[in-house]
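Chemist: Numbering (the numbering used here), first residue to last: 1421 to 1720. Below is the structure I would like to discuss, written out as C-alpha cells.
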Amino acid sequence: MDLSIKIVSLHRKHNIYTMFIFNDKDSLEAFLNPLINQKKTIGFVPTMGALHEGHQSLIKKSVAENEITVISIFVNPTQFNNPEDLEKYPRTLDRDVTKVKEISDLILIYTPTVEDIYGNNPAAEQFDFDGLELQMEGKHRPGHFDGVGTIIKKFFSIIKPTRAYFGEKDFQQLQIIKKLVAKENLPVEIIGCPIHRANSGLAMSSRNERLSAEAKAKATYIFKTLQEAKEKFQQQSAKDVTQYVYDAFEKDPEFELEYFEIADEETLLPCIEKEPNKKYRGFITVFINGIRLIDNIALY
Ligand code: PAF
C-alpha cells in the first residue's frame, strides 16, 4: 500500500474496519485507475468540509447510484475573494471523517493540500460561462466562479467521475458547473439535488457553524421571507416582490441584505417582465452578525 494513503483503522462497536483517505492525487489516481478500466461507476461529491446533513444526503445519493463514491474535502483558496472568509472557513476534518463513515466505510475521501492541487501557484483559470458568472454572486464575489470552475475541472480530471452531485443551495454554481461540462465536453453527468433544510427552514450550510444559537434562530426569517415572496409572485410583479423583500429586511438592523433578485433559472438574467414558460427563482444573500448566508426558492 502506498504510504501516502492514510488508512484509518477504527473500532466501531467490536468490528474493526478501514477507510481510505487520500492526501495526494497520485495515490488516488493509482487507486482509481484500475477501477475506471473495469468500467466501475464513480460518484463524486465535492465539498469544502464542515459536513452537514445536506452533504450527507448528496453522499447517500451517490452511494445509492454508483459503485464507488469519492468525496473531496478541500477549502479551495482560489474561490475566496475575501481572505478573512477563507481564514475563518470552518475546518473540521476529524468530525467530517466520522460523518462519512456513518454512511459507508467504503467511501473514498480525497483531502489534498493546496500544493497537491496547485503546485506552488494557486491561481484560477479564466472562464467564459456565457454570462452566467456575471450575475448575482458573480457581481458580489469577483473571480469566485473562476476559482470554482478551476477546482472542479481539476477534480474531474483526477477522479473521472461518472456522476457529480451538487446542492441547489448554490444554484448559480450548479448552473455554472453544467455550463463548464457542456462547453468543455466533459464526460460526467451533473446531478442537482434539492436544498436540505433544518426543521426551522434554515438552509443547511457549512457557514451555519459560525452562527450563534440566537443568530441561527433569527436566520430562519430568510426562508420565511422567501416563502412569502413566492406566494406574492403568483399575483404581483417581480419589481413589487423584490421591494417587499427589501422592506422586510430593512426593518431589522441585525440583517444586512446584500441582494434579492428574481431571475430566470436557465440564463440567471433578472426578471423584468414575467414571461410565460419561463421558470423563475428568487435568490438572496444576507449577512447576519457578519456571516454571509445564501438561499433561493423556486417561484413556480
Ligand atoms: O460548494 C462548494 O462547497 C464548493 O464551491 C465546491 C463545489 C466544493 C468547490 O470548491
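Idealized CB from N, CA, C, for every residue including glycine.
#1: What's the call for Tyr1585, buried or exposed, on a 16-neighbour Cβ count within 10 Å?
#2: Quick one: what's got a C-beta closer than 7 Å to Arg1638's C-beta in the same chain, skipping five residues either side?
#3: Could you tell me if the beta carbon of Pro1466 falls within a distance shorter than 7 Å of some heavy atom in the ligand PAF?
#4: Across the region 1486-1502 and the region 1526-1542, are there enough close Cβ pairs to call them in contact, namely three or more that are closer than 8 Å?
#5: Would DSSP call Asn1619 helix, strand or coil?
#6: DSSP three-state label for Glu1693, please.
#7: Thinking just about the alpha-carbon of each residue, which of Ala1623, Lys1589 and Asp1566 is nearest to the one in Glu1685?
#8: Contact defined as beta carbons within less than 8 Å: I believe Arg1583 pairs with Gly1702. What is the distance between those atoms, to the nearest angstrom?
#9: Do Gly1469 and Ser1626 have their beta-carbon atoms positioned less than 8 Å apart in this structure?
#10: CA-CA distance, Val1428 and Pro1497?
#11: Under 7 Å: does the beta carbon of Gln1593 sit that close to some heavy atom of the ligand PAF?
#12: The beta strand (DSSP E) that contains Phe1675, what's its start and end?
#13: According to DSSP, is Leu1455 part of a helix, a strand, or is it coil?
#14: Taking the alpha helix (DSSP H) that Asp1514 belongs to, which residues open and close that run?
#15: Examine the ligand PAF and report whether any of its heavy atoms sits within less than 7 Å of the Cβ of Ile1578.
#16: Below 6 Å CB to CB, which residues in the same chain sit around Gln1546 once its five sequence neighbours on both sides are set aside?
#17: Does the distance from the C-beta atom of Thr1645 to that of Ala1668 stay below 8 Å?
#18: DSSP state of Asn1496, grouped into three classes?
#19: Is Val1725 close to the ligand PAF? I mean its beta-carbon at under 7 Å from any heavy atom of the ligand.
#20: Classify Val1483 as helix, strand or coil using the three-state DSSP reduction.
#21: By DSSP, does Pro1466 sit in helix, in strand, or in coil?
#22: Could you say which of Gly1710, Val1706, Lys1698 and Ile1711 lies nearest to Ala1718 if we only look at CA atoms?
#23: What are the boundary residues of the alpha helix (DSSP H) that Ile1579 is part of?
#24: Can Tyr1666 and Leu1677 be called in contact, C-beta distance under 8 Å?
#25: What first and last residue would you give for the alpha helix (DSSP H) that runs through Val1608?
#26: Say yes only if the C-beta of Ala1590 is nearer than 7 Å to one or more non-hydrogen atoms of the ligand PAF, and no if none qualify.
#27: Please classify Tyr1509: does DSSP put it in a helix, a strand, or coil?
#28: What first and last residue would you give for the beta strand (DSSP E) that runs through Thr1705?
#29: Label Asn1628 either buried or exposed according to how many other C-beta atoms from any shown protein chain fall within 10 Å of its C-beta, with 16 as the threshold for buried.
#30: In this structure, how does DSSP classify Tyr1720 when only helix, strand and coil are distinguished?
#31: How big is the Cα-Cα spacing for His1616 and Leu1478?
#32: Who are the Cβ neighbours of Pro1614 in its own chain at under 6 Å, not counting the five residues just before and after it?
Modeler: For this structure:
#1: It is buried - the Cβ of Tyr1585 has at least 16 other Cβ atoms within 10 Å.
#2: In the sequence as displayed, the identity of residue 1638 is Lys instead of Arg. In its chain, beyond the 5 residues on either side, Glu1674 and Ile1708 have a beta carbon closer than 7 Å to the beta carbon of Lys1638.
#3: Yes; taking the cut-off as 7 Å, the Cβ of Pro1466 has a heavy atom of the ligand PAF nearer than that.
#4: Flag = yes, the region 1486-1502 and the region 1526-1542 touch.
#5: Assignment of Asn1619 by DSSP, reduced to helix, strand and coil, places it in the coil class.
#6: DSSP, reduced to helix, strand and coil, places Glu1693 outside both helices and strands of the structure shown, so it counts as coil.
#7: Comparing Cα positions, the closest option is Lys1589.
#8: Contact doesn't hold; Cβ gap of about 28 Å is too wide.
#9: Yes.
#10: Its pLDDT being 44, under 50, Val1428 is placed unreliably by the model, and nothing is read from it.
#11: Within the cutoff, so yes.
#12: Per DSSP, Phe1675 belongs to the beta strand (DSSP E) from Phe1675 to Asp1684.
#13: Residue state, collapsed to three classes: helix.
#14: That run of the alpha helix (DSSP H) goes Leu1513 to Ile1523.
#15: No, the beta carbon of Ile1578 sits no closer than 7 Å to any heavy atom of the ligand PAF.
#16: Taken in chain order, the residues that qualify are Asp1566.
#17: Yes, they are a contact pair.
#18: In the structure shown, Asn1496 sits in coil (DSSP, three-state: anything other than H, G, I, E or B).
#19: Because the chain spans 1421 through 1720 in this model, residue 1725 falls outside it and cannot be assessed.
#20: The three-state reading of DSSP puts Val1483 in helix, counting H, G and I together.
#21: Pro1466 falls in the strand class under three-state DSSP.
#22: It is Lys1698.
#23: Its alpha helix (DSSP H) spans residues His1564 to Ile1579.
#24: Tyr1666 is a Cβ neighbour of Leu1677, given a cutoff of 8 Å.
#25: Run containing Val1608: none; DSSP gives neither H nor E here.
#26: Checking the displayed sequence, the identity of residue 1590 turns out to be Asp instead of Ala. If you check the C-beta of Asp1590 against the ligand PAF, you find a heavy atom less than 7 Å away.
#27: In the structure shown, Tyr1509 adopts coil according to DSSP, grouped into three states.
#28: Unbroken beta strand (DSSP E) run through Thr1705: Tyr1700 to Ile1708.
#29: Buried, by the Cβ-count rule.
#30: It is coil, neither helix nor strand.
#31: For His1616 and Leu1478, the distance between alpha carbons rounds to 10 Å.
#32: Within the same chain, Pro1614 has close Cβ partners Glu1588.
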